[in-house]
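Protein chains in written order, with the numbering used here: chain A, 65 to 183; chain B, 95 to 206.
A short write-up of the structure that comes next.
Here it is in structure tokens:
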């Protein structure tokens, strides 16, 4: 299968600062990337969908000015949590969909996640 | 609208005994259904998926799931649990093949 990486794997920051999380598809071109949020002992909730070169589509209730998503290339998407507060502490997971013409087309491959703690 | 209910938050089994993780779904269309596994500090890994072909789907690591439309269920089974199967398992539904809706997860505990 395809590999998706995330960096950093964990980050601690002070309240009011901004944090950037990177999501990379290592061996395929991801036409679409997804960002999820997972609270402890809860399911993954889709935050936004981004297509390379266009603006992200945010799910209802997700503040687009707070969670900035950039998908500037076919292998990289970034999520920036702006002016982070303790309630933004969570596990953020990205996934990437391979738009190629082979067995894994349209399958989402998930990154290992980033644990964000805001003090 | 699509939704998923995983009926058990935790399942405990002994090594070598069968595993059953239950999942019921709600979908307006003919859904695609998935099971993912998440090991601690690891990304989600696809175990298997149903996309309107055979109703009995075989996945990796000896897991399989059966799509039962009349019961709106997609339970995950394995004949014999292994210690390495201990992880969290998510049942996922998709109406359009793109947007995934996750269940709340079932933690599988395997004792020696």
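From the three backbone atoms N, C-alpha and C, an ideal C-beta is built for every residue, glycine too.
This one's a predicted model, so the numbers in the text were calculated from it and none came from an experiment.
Three or more C-beta pairs under 8 angstroms: does that hold for the segment 173-183 of chain A against the segment 107-123 of chain B?
no
In three-state DSSP terms, what is residue 162 of chain A?
strand
Listing by chain order, which chain A residues have their CB less than 9 angstroms from the CB of residue 172 of chain B?
Simply none; closest approach about 20 angstroms.
Count Cβ pairs between the segment 83-90 of chain A and the segment 95-104 of chain B that sit closer than 8 angstroms; are there 3 or more?
no
Please report the distance separating the alpha-carbon of residue 76 of chain A from that of residue 156 of chain A.
13 angstroms
Assigned secondary structure, residue 134 of chain A (DSSP; H/G/I helix, E/B strand, else coil)
strand
Residue interval of the beta strand (DSSP E) (run including residue 154 of chain B):
Taken as a continuous stretch (DSSP letters only), residue 154 of chain B belongs to no beta strand (DSSP E), as it is neither H nor E.
CA-to-CA distance, residue 118 of chain A to residue 142 of chain A, given in whole angstroms
13 angstroms
Can the beta-carbon of residue 172 of chain A be found closer than 8 angstroms to that of residue 194 of chain B?
yes
Going by the beta-carbon positions, is the gap between residue 175 of chain B and residue 107 of chain B smaller than 8 angstroms?
yes
So with CB distances below 8 angstroms, who are the chain B contacts of residue 131 of chain A?
Correct list: empty, because the minimum Cβ distance to chain B is about 18 angstroms.
How far does the beta strand (DSSP E) with residue 100 of chain B in it reach, from first residue to last?
97-100
When the Cβ atoms of the segment 67-75 of chain A are set against those of the segment 116-132 of chain A, are three or more pairs found closer than 8 angstroms?
no
Kindly indicate if chain B contains any beta-carbon less than 8 angstroms away from that of residue 167 of chain A.
Residue placement at residue 167 of chain A is flagged as unreliable, the pLDDT there being 49, under the threshold of 50; the coordinate-derived value follows with that caveat. Residue 167 of chain A does not count as touching chain B.
Around the Cβ of residue 167 of chain A, are there at least 16 other Cβ atoms within 10 angstroms (buried) or fewer (exposed)?
The predicted model places residue 167 of chain A with a pLDDT of 49, which falls under 50 and marks its position as unreliable; any figure quoted below should be read in that light. It counts as exposed.
Between the segment 103-115 of chain A and the segment 115-128 of chain B, are three or more C-beta pairs nearer than 8 angstroms?
no
If you measure beta-carbon to beta-carbon, which residues of the segment 164-194 of chain B are closer than 8 angstroms to chain A?
184, 191, 192, 193, 194
If you measure beta-carbon to beta-carbon, which residues of the segment 133-145 of chain B are closer than 9 angstroms to chain A?
135, 136, 137, 138, 139, 140, 143
Please report the Cβ distance between residue 98 of chain A and residue 158 of chain A, rounded to the nearest whole angstrom; I am assuming they are in contact, meaning their Cβ atoms lie under 8 angstroms.
7 angstroms
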